[in-house]
Amino acid sequence: MSTVVSGAAAVATETGKRLAAAEGLNATLSWSQDLLDAEATRVDSMAEPGPLAGMALALKDNIVTVEQPSTCASRILEGYVSPYNATVVGRLRAAGAMIAVKANMDEFAMGSSTEHSAFGRVKHPLAPDRVPGGSSGGSAALVAAGVVPAALGSETGGSVRQPASFCGVVGVKPSYGRVSRYGLVAFGSSLDCISVFGRTVKDAAQVLSVMSGSDPLDATTVNRPPMRVPEPLQNLRGLTVGVPREYFPPDLHAGVAAALRATIARVRELGGEIRELSLPNSSYAVPTYYIIAPAEAAANLARYDGVRYGPRRIGPEGDIRSLYRATRGQGFGQEVQRRILIGTYVLSAGYYDAYYKKAQQVRSLIAQDFRRAFESGIDLLLTPTTPTPAFKAGEKTDDPVAMYLADIFVCSVNLAGLPAVSIPAGRSEGLPIGAQLIAPAFEEERLLAAAAALERVIPAAAEVR
Amino acid sequence: MSIGRDEVLHVAKLAELAVRDEDLARLVGQLNRIVDYVAQLNEVPTDRMAEPFLPGPPAVTLREDVPGADALARSPAELAPEFKDGFFLVPRHGAMEDQ
Numbered sequence: 003m004s005t006v007v008s009g010a011a012a013v014a015t016e017t018g019k020r021l022a023a024a025e026g027l028n029a030t031l032s033w034s035q036d037l038l039d040a041e042a043t044r045v046d047s048m049a050e051p052g053p054l055a056g057m058a059l060a061l062k063d064n065i066v067t068v069e070q071p072s073t074c075a076s077r078i079l080e081g082y083v084s085p086y087n088a089t090v091v092g093r094l095r096a097a098g099a100m101i102a103v104k105a106n107m108d109e110f111a112m113g114s115s116t117e118h119s120a121f122g123r124v125k126h127p128l129a130p131d132r133v134p135g136g137s138s139g140g141s142a143a144l145v146a147a148g149v150v151p152a153a154l155g156s157e158t159g160g161s162v163r164q165p166a167s168f169c170g171v172v173g174v175k176p177s178y179g180r181v182s183r184y185g186l187v188a189f190g191s192s193l194d195c196i197s198v199f200g201r202t203v204k205d206a207a208q209v210l211s212v213m214s215g216s217d218p219l220d221a222t223t224v225n226r227p228p229m230r231v232p233e234p235l236q237n238l239r240g241l242t243v244g245v246p247r248e249y250f251p252p253d254l255h256a257g258v259a260a261a262l263r264a265t266i267a268r269v270r271e272l273g274g275e276i277r278e279l280s281l282p283n284s285s286y287a288v289p290t291y292y293i294i295a296p297a298e299a300a301a302n303l304a305r306y307d308g309v310r311y312g313p314r315r316i317g318p319e320g321d322i323r324s325l326y327r328a329t330r331g332q333g334f335g336q337e338v339q340r341r342i343l344i345g346t347y348v349l350s351a352g353y354y355d356a357y358y359k360k361a362q363q364v365r366s367l368i369a370q371d372f373r374r375a376f377e378s379g380i381d382l383l384l385t386p387t388t389p390t391p392a393f394k395a396g397e398k399t400d401d402p403v404a405m406y407l408a409d410i411f412v413c414s415v416n417l418a419g420l421p422a423v424s425i426p427a428g429r430s431e432g433l434p435i436g437a438q439l440i441a442p443a444f445e446e447e448r449l450l451a452a453a454a455a456l457e458r459v460i461p462a463a464a465e466v467r
Numbered sequence: 015m016s017i018g019r020d021e022v023l024h025v026a027k028l029a030e031l032a033v034r035d036e037d038l039a040r041l042v043g044q045l046n047r048i049v050d051y052v053a054q055l056n057e058v059p060t061d062r063m064a065e066p067f068l069p070g071p072p073a074v075t076l077r078e079d080v081p082g083a084d085a086l087a088r089s090p091a092e093l094a095p096e097f098k099d100g101f102f103l104v105p106r107h108g109a110m111e112d113q
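Same order as they appear, the protein sequences are chains E and Z.
Residue numbering for the first sequence follows this note's numbering, starting at 3 and increasing by one per position.
Residue numbering for the second sequence follows this note's numbering, starting at 15 and increasing by one per position.
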């Protein structure tokens, strides 16, 4: 299949063909050739097309647009069409991007495998019996399959870096406050971040650069100029890269360990200094996350009650509370129900201090670990993105904690609000492995410049030894 | 600490969530698994902690207090099954039981 096309109209036609060819992945929830063609017409008529002219992007289905449904892969939002566009949609279109594809995901972004979509699981493009990761698995699969050069996902606890690692693409999570959340359906408001997949660091950086910047419609955006696309570094001389020992446990998958050893060697070859260090509270990131995120979700998802949102179901008692309960009981899938129940439990009067308050305190300690590391002269941290390559579908669906542990190396970054990137670092038995770089808050340019330098020297599709 | 059947039903009521009888045993098991797992935070000493960490700007930027509605991409008439003279038309009070 040719990758050389000119003009937005030609890109739209080619993208439509690739979407049709990739239907078997179940990676999309809505798209049409008409919408793609309309976007191409708009872009081709722009007086100043912008840096993303003619780039077709897929959006995770929790980022709202007015032309297509935004379902969050949930029955409770089936057919819902937003009356407004997300801020990022306007910015990307103004830069020439074509937006006409909504990607499958774990319901309400809750999951690590995209098996929790109400509209069926997404298949891994290289190994259909395996998962693409999650919760932004549809976006990751579309980039990995070569359907689009870049796609938007969202992160609450690693939901872009983890699938990027599984699928062998680049995944960038910006600092909290770098990109507006206006129009991102809320899950965990102190954690949620619109994030980007790309085939290359440069593709992802260009998209992130356009999306970034403060927004009066999201009071948690930081008043800083938009991120610039960094020039890739020729070498890493002068950079100190920290390797936290907690991210290299004895039972780390052998292929992941080998890929990271090779990546560390590449850092040294490029002139970077490797320094081992400790982030002592790392092992508490997953339990902390699985208190804070469900607590925030329980509050955010209260609006789906059959009155404000959702197809209304009449309960057995026929009163309003029965209506709420029936609507929510039938509209939410199992994982969402579990998280709402856990979130409600940890916020309830008898348990608030024991769980929620405690988790907030441990969150402070985790953020403090990172702060101290960077204050000690570390410029970037290097870790595996995931403890294993992509696992088999169905392997972890019966044990929620086993599924949560797939995010063990990624969710601390969300708790601390930091930027991080996963880049392909080789393959083990044909399955991609990701290496993660983490930077201090708002140091995306340093992060992505170093990632691009490493990307150039890592044989991403080669087997690691 | 373990969560029993009655407690799951109580929390489900607080969460306005109807739980099916056939799902209850599975939910009790899974919620206990999660609560047991997150209980490891109790081993972290946090007695002398400062304020909780929150990411984002040090101070929230507020918009000007200008009255008015945000612009919608589509008119209200396109957002609901029936819209007339500036009002959404809904079923008569008490008529939902007939649906």
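All residues carry an ideal CB built from backbone N, CA and C; glycine is no exception.
Notebook entry, point to check: When the distance is taken between beta carbons, is S414/E closer than 8 angstroms to A295/E?
Noted result: Numbered from 1 along the first sequence, position 293 holds the residue referred to as residue 295/E. Numbered from 1 along the first sequence, position 412 holds the residue referred to as residue 414/E. Not in contact: A295/E and S414/E (Cβ atoms no closer than 8 angstroms).
Item checked: Straight-line Cα distance separating S214/E from T223/E -> Sequence index remark: in the first sequence, residue 223/E carries index 221 (1-based). Sequence index remark: in the first sequence, residue 214/E carries index 212 (1-based). Rounded to the nearest angstrom, the two C-alpha atoms are 9 angstroms apart.
Check: Which same chain residues, not among the five before or five after G333/E, have their C-beta less than 6 angstroms away from its C-beta?
Finding: Counting from 1 along the first sequence, the entry for residue 333/E is found at position 331. Excluding positions up to five away in sequence, the list reads R77, I78, G312.
Note to self: For a cutoff of 8 angstroms on Cβ pairs, would you count K104/E as touching chain Z?
What the structure shows: Reading the first sequence from its first residue, position 102 is the one you call residue 104/E. K104/E does not count as touching chain Z.
Notebook entry, point to check: In whole angstroms, what separates the C-alpha of A207/E from that of N283/E?
Noted result: Taking the first residue of the first sequence as 1, we reach residue 207/E at position 205. Taking the first residue of the first sequence as 1, we reach residue 283/E at position 281. If you take the alpha carbons of A207/E and N283/E, they lie about 30 angstroms apart.
Check: Counting only beta-carbon atoms, is A29/Z nearer than 8 angstroms to chain E?
Finding: Numbered from its first residue, the second sequence carries residue 29/Z at position 15. Taking Cβ atoms only, chain E reaches closer than 8 angstroms to A29/Z, which makes this a yes.
Margin query: Between which two residues does the alpha helix (DSSP H) holding M213/E run?
Written below: Here residue 213/E refers to the residue found at position 211 of the first sequence. 203-213 is the extent of the alpha helix (DSSP H) around M213/E.
Note to self: Using 8 angstroms as the threshold, is the C-beta distance between T73/E and V91/E below it?
What the structure shows: Taking the first sequence and counting its residues from 1, one reaches residue 73/E at position 71. Taking the first sequence and counting its residues from 1, one reaches residue 91/E at position 89. No; because the gap between Cβ atoms is not below 8 angstroms, this pair is not in contact.
Check: Taking H118/E as the reference, which of Q336/E, S378/E, P232/E, R374/E has the closest Cα?
Finding: For this step, residue 118/E is matched to residue 116 along the first sequence. Out of Q336/E, S378/E, P232/E, R374/E, Q336/E has the C-alpha closest to the C-alpha of H118/E.
Notebook entry, point to check: What residues of chain Z sit near R365/E, judged by a beta carbon separation below 8 angstroms?
Noted result: The count along the first sequence starts at 1 and reaches residue 365/E at position 363. Per Cβ cutoff of 8 angstroms: P66, F67.
Check: Considering R438/E, what are the terminal residues of the beta strand (DSSP E) in which it resides?
Finding: Indexing the first sequence from 1 puts residue 438/E at position 436. Per the sequence shown, residue 438/E should be read as Gln rather than Arg. Segment 433-440, the beta strand (DSSP E) holding Q438/E.
Notebook entry, point to check: Quick one: Cα of E431/E to Cα of R448/E, how far?
Noted result: Working through the first sequence from its first residue, we reach residue 431/E at position 429. Working through the first sequence from its first residue, we reach residue 448/E at position 446. Distance between the alpha carbons of E431/E and R448/E is about 32 angstroms.
Next item on the list: Could you name the residues of the same chain whose beta carbon sits closer than 8 angstroms to that of A142/E, not counting the 5 residues immediately before and after it, in chain order?
Entry: For the purposes of this step, residue 142/E is identified with residue 140 of the first sequence, where counting begins at 1. Correct list, in chain order: P134, G135, A153, G155, V162, P165, A166, F168, C169, V171, G173, F199.
Margin query: I'd like to know whether the C-beta of T158/E is nearer than 8 angstroms to at least one C-beta of chain Z.
Written below: Residue 158/E sits at position 156 when you count from the first residue of the first sequence. Cβ-Cβ to chain Z under 8 angstroms: no for T158/E.
Notebook entry, point to check: Which residues in chain E sit within 9 angstroms of R77/Z, going by Cβ to Cβ distance?
Noted result: Reading the second sequence from its first residue, position 63 is the one you call residue 77/Z. The contacting residues are P218, L219, A221.
Notebook entry, point to check: Any C-beta of chain E sitting closer than 8 angstroms to the C-beta of R88/Z?
Noted result: As a position in the second sequence, residue 88/Z is number 74, starting the count at 1. Cβ-Cβ to chain E under 8 angstroms: yes for R88/Z.
Notebook entry, point to check: Are the Cβ atoms of S366/E and P66/Z separated by less than 8 angstroms?
Noted result: Stepping through the first sequence from its first residue, residue 366/E is reached at position 364. Stepping through the second sequence from its first residue, residue 66/Z is reached at position 52. Against a cut-off of 8 angstroms, the Cβ pair of P66/Z and S366/E comes out as a contact.
Check: By DSSP, does K360/E sit in helix, in strand, or in coil?
Finding: Here residue 360/E corresponds to residue number 358 of the first sequence, with the count starting at 1. Reduced to three states, the DSSP call for K360/E is helix.
Next item on the list: Return the chain-ordered list of same chain residues with a C-beta closer than 8 angstroms to the C-beta of T5/E, the five sequence neighbours on each side being excluded.
Entry: Counting from one through the first sequence, the residue named residue 5/E turns up at place 3. With a pLDDT of 42 at T5/E, under the threshold of 50, the predicted position of this residue should be treated as unreliable, and no value is reported.
Checklist line | Neighbouring residues, chain Z, relative to D307/E (Cβ below 8 angstroms) | finding: As a working mapping, residue 307/E is identified with position 305 in the first sequence. Result: E30.
Next item on the list: Could I get the ranges of all uninterrupted beta strand (DSSP E) runs contained in the stretch 223-298 of chain E, with 3 residues as the minimum, in chain order?
Entry: 242-246, 275-279
Note to self: Comparing C-alpha positions only, which one of A29/Z, V25/Z, H24/Z, E21/Z sits nearest to D307/E?
What the structure shows: Taking the first residue of the first sequence as position 1, residue 307/E is located at position 305. The candidate whose alpha carbon is nearest that of D307/E is A29/Z.
Checklist line | Rounded Cβ spacing between A58/E and A105/E (contact assumed at less than 8 angstroms) | finding: Looking up residue 58/E in the first sequence gives position 56. Looking up residue 105/E in the first sequence gives position 103. Contact doesn't hold; Cβ gap of about 12 angstroms is too wide.
Next item on the list: Taking only the alpha-carbon atoms, compute the straight-line gap between M3/E and D36/E and give it to the nearest angstrom.
Entry: Reading the first sequence from its first residue, position 1 is the one you call residue 3/E. Reading the first sequence from its first residue, position 34 is the one you call residue 36/E. No answer about M3/E holds up, because its pLDDT of 39 lies below 50 and its placement is not dependable.
Check: Does the beta-carbon of F102/Z have 16 or more other beta-carbons within 10 angstroms, so that it is buried, or is it exposed?
Finding: By 1-based counting over the second sequence, the position of residue 102/Z is 88. The residue in question, F102/Z, is exposed, as its Cβ has fewer than 16 Cβ neighbours within 10 Å.
Item checked: When M107/E, G159/E, D220/E are compared against S138/E, the one with the closest alpha-carbon -> For the purposes of this step, residue 138/E is taken as residue 136 along the first sequence, with counting starting at 1. Looking at the Cα atoms, M107/E is the closest of the given residues.
Check: Between which two residues does the alpha helix (DSSP H) containing F168/E stretch?
Finding: Your numbering for residue 168/E matches position 166 in the first sequence. Unbroken alpha helix (DSSP H) run through F168/E: 163-169.
Next item on the list: Please classify V103/E: does DSSP put it in a helix, a strand, or coil?
Entry: Along the first sequence, read from residue 1 onward, the residue named residue 103/E stands at position 101. Looking at V103/E - three-state DSSP - the assignment turns out to be strand.
Check: Do three or more CB pairs link the stretch 27-46 of chain Z to the stretch 343-354 of chain E at distances below 8 angstroms?
Finding: yes
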